[in-house]
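Those sequence lines, one after another, are chains A and B.
This note's numbering applies: residue 3 is where the first sequence begins, and numbers increase by one.
This note's numbering applies: residue 4 is where the second sequence begins, and numbers increase by one.
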Amino acid sequence: MNAAKRSLMMGAAPASASDAAIPGAAPPKKKRLPGLTEQGEVTRDLYISCDVVIVGSGAGGATMAAELTDAGMDVVVLEEGSYHPTESFTADSGRALRELYRDAGAQTTIGSPPIIFSEGRCVGGSTVINGGMSWRTPAHILDRWAREESLQKITPKDMERHFEKVEKRISVAYQDPETIGRDARLLEAGAAAFGWKTIPNLRNQLHCAGTNNCAFGCPTGAKRSMLVTNVPRALHRGARLFADCRVDKITRVGKRATGVEGWFVRPDGRRGPKMVVRSTLVVAACGSVQTPALLWRSGFQSPSGQLGRNLTLHPNAKLVAVFDEDVLGWQGVHQAFQVREFMDDGILFTAVNIPPSLVTMGIPHHGSELGELMKDYNRMVVAGCLIEDSTSGHIKMVPGVGPLAFYEVTQKDVERAVRGVALTAEAMFAAGAKRIILPFEGVPDLMGPDDVKQLFRRDIPRSKMELLTVHIMGTCRMSDDRNRGVTSSYGEFHDAAGLFVADASLFPGPVGVNPMESILGLVTRNAEWMIENRRRYNV
Amino acid sequence: MPARFDIPAPQRRIIARFARVVCPPGLVKNQLEQQLMDQLEPYLGAMPLHLRIGLMAAFTTFDQAARLWPAARGSRFTNLDDERADRYFRAMAHGPLGPQRNICKLMKGLVTFNYYEIPAVRAELEYHPEAYIAKVAKRRLDSYAEAIRKGEEAVFADEPGQIVRLHRGAR
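Right under this line is the structure:
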């Protein structure tokens, strides 16, 4: 970045998240983040150097950037997506899918059944479009990882201070009660009728307003995504962020990573100027689908044969419960509670309001039947159950297409999905639902609790299930056993020098809860190790 | 940064006919066909090229495959009357072949998703999130302004025991 531009950015005020967008008003002037460069400002090829280049600005990339800049390292972050400030977020879910999501949110796994999955592609990554649930990695998962993968300093005790730091940074707290909507209260009441354990969600939010717009960008900035926390922190401490910059490959000399090469993406998708970064360390933080793809494109291979494997994704099934009363599920926070009674069986469920457009994608109805059903949109509770995978899939590069996720749901998970949906349906009927539309093709709607009993016994083929997810994990498993893992305990690629991975692809297995805080905690820990060992890398 | 995408004329005709089958009658009654296309085109533009090509091919195949469906008597989907068009869609969407069912589901989801994104359709459902967002955003600031200010500032603060070494470019 040239001196004039740096000085222009000096002293720019941090983007205050409290300036909520006022619907109907003229679009506000885009606020500047110091150290941010967008494609429109780049008119010629750029060649820069730094200590560390990080590919991706989501949970992993932004956290790594903030930690390393705090330690005085010269950090450059490259983000394929665009910069969308808080004040640009609205309830226009179609626009959000087009602008904030990779492939307009239309990615699916290959397998039976195909599972729709979403990833963020914007400054802040998936933290901009997630539900904002912040849970530490469960102790038994950390213990399992330590045991099975010989991972160092990853016990719950080791991780505690990292999680504490993260929770403070992103303001993890319970919701203010006035923000909890009727749909969440109905789920809570339904679960209470059976005495099931229900907990209020911990969320990364600063007095969340309960707009229920989490998945389309928080319009108040109350959700403390990376966009309003670690990204601005890193930039204010000297990091440089280039948005709209797609990285083609990590450059290398032999097995040493030396930087990255990419290009700026013009608004119509055209290729813009080239971006070449020379750095001492390279961090891949593009998520569990794109990180292995970047490593493959760059010619890195893992002798373990595990690169791209061990993909887990918490398959998720949603049902729609229709009540006689107005629920107005869109008024109140997204996922106020989680029912954790069946957590030991790998099943967790919650109420997750989604806009009418997304409801129609997951139900089999069409034509006038769909129109009649949707008239009751304001009387619907959409509830979803998450299944902790019992299997894993893999990522594969397909020429002309790019990385694709392959995943076959096991019979065990099919049965758990059916059980999870049936349990959720029981709770909904106990709360007063009159009709339940299932995510299983060909299975009639449930009209009462007696129908649920039949559902428990029903054999539903996996190909008839409608599953989705937003939790993509694994693919660069960390393990100190080089025959099992792609990276070391601290995310360093086993078969290369100066190359790190910092995202959910490090997970050796599913975490069973929303994964964001696990990523932040793990990356904070790994960054600390990098800082302690900086002399080894000459940074 | 989605690329601009204009649906080619042949597929446009198929999608328009398809929409009249899968969308509620309000599509025709309220003359929302053009608004549906206005929603669909930028959405398709944001999809990767291979998926867009695949979808256009899927609509074309869906149209032509109707000729093999006995009740169509050799007609394309676009030429079927309403009753037979609906039956043909049901036959494809609930047929025995998994990939065929999945593609039909994807096509239907794409169209109904964009239909329910039309502002007039959302309003008809009495779904007004913008007004609600404005109301609760104001409530938040009225109730917690000071705590929010402090919380936002804390993002930039040094942490206890932290040794911060700013490099040359720091602001």
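Note that the Cβ used here is the ideal one computed from N, Cα and C, for glycine as well.
A quick note: this is a predicted structure, and the numbers were derived from the prediction, not measured.
At a C-beta separation below 7 Å, B:R90 has no neighbours in chain A, since its nearest C-beta there lies roughly 11 Å away.
In terms of Cβ geometry, A:P405 and A:A259 do not form a close pair [threshold 7 Å]. A:I131 and A:R537 have their alpha carbons spaced roughly 37 Å apart. At the C-beta level, A:D346 and A:Q41 stay beyond 7 Å of one another. When the beta-carbon positions are compared, A:L469 and A:P115 come within less than 7 Å of each other. Closest in C-alpha terms to A:L321, from the list A:A186, A:D328, A:V361, A:S394, comes A:V361. As for any beta strand (DSSP E) of minimum length 3 sitting wholly inside the segment 231-271 of chain A, the runs are 242-244, 247-255, 258-267, ordered along the chain. Per DSSP, reduced to three states, the secondary structure at A:L283 is strand. The beta carbons of B:H53 and A:V403 sit closer together than 7 Å.
Here B:L35 is near B:I121, since their CB atoms are less than 7 Å apart.
Look at the segment 406-419 of chain A: it has no residue with a C-beta under 7 Å from a C-beta of chain B. The residue from A:A194, A:F351, A:V249, A:G127 with its alpha-carbon nearest to that of A:G289 is A:G127. Using a Cβ-Cβ cut-off of 7 Å, A:V403 is close to H53 of chain B, given in chain order.
Its chain contains P115, F442, E443, G444, V445 as the residues whose beta carbon lies nearer than 8 Å to that of A:K466, once the 5 sequence neighbours on both sides are disregarded; these appear in chain order. In terms of CA proximity to A:N380, B:E129 leads the group B:R87, B:A148, B:E133, B:E129. When C-beta atoms of the segment 14-28 of chain B are compared with those of the segment 64-84 of chain B, three or more pairs fall below 8 Å, so the two segments count as touching. When 8 Å is used as the limit between beta carbons, B:I17 is near no residue of chain A, the shortest such separation being about 16 Å. For the segment 197-217 of chain A, the set of residues with a beta-carbon nearer than 9 Å to any beta-carbon of chain B comprises L208, H209, C210, A211, G212, T213, N214, N215, in chain order. At the C-beta level, A:G134 and A:C216 come within 7 Å of one another. The alpha helix (DSSP H) runs lying completely inside the segment 350-417 of chain A and spanning 4 residues or more are 358-363, 369-376, given in chain order. Counting only unbroken stretches of 3 or more residues, the beta strand (DSSP E) elements lying wholly within the segment 203-228 of chain A are 204-206, in sequence order. Shown here, A:M430 sits in a helix according to DSSP, grouped into three states. Only residues of its own chain outside the window of five on either side were considered, and among them N117, E120, I121 have a CB closer than 7 Å to the CB of B:Q42, listed in chain order. When beta bridges are read from the DSSP output, A:F442 appears opposite A:M467. With the criterion set as a beta carbon lying under 7 Å from some beta carbon of chain A, the members of the segment 57-91 of chain B are D89, in sequence order. With respect to the C-alpha of B:V139, the residue from A:G60, A:H209, A:G37, A:G369 having the closest C-alpha is A:H209. Residues of the segment 349-364 of chain A whose Cβ lies closer than 9 Å to any Cβ of chain B, in chain order: P357, P358, S359, L360, V361, T362, M363, G364.
Proximity of the segment 139-148 of chain A to the segment 169-178 of chain A falls short of the contact definition, fewer than three beta-carbon pairs being nearer than 8 Å. When B:G154, B:A126, B:R7 are compared, the shortest CA-CA separation from B:N33 is found for B:A126.
Contact check for A:V44 and A:G274: beta-carbon distance about 7 Å, within the 8 Å limit, so the pair qualifies. Residue contact check for A:N540 against chain B: no CB pair falls below 7 Å. In this structure, DSSP gives B:V24 a helical state, which the three-state scheme calls helix.
For the C-beta of B:N33, not a single chain A residue is nearer than 7 Å; the gap to the nearest is close to 11 Å.
Taking a C-beta cut-off of 7 Å against chain B, the contacting residues of the segment 459-476 of chain A are S465, listed in chain order. Within chain A, the C-beta atoms nearer than 7 Å to that of B:Q42 come from G96, in chain order. In the DSSP assignment, B:N117 falls within the unbroken alpha helix (DSSP H) covering 101-118.
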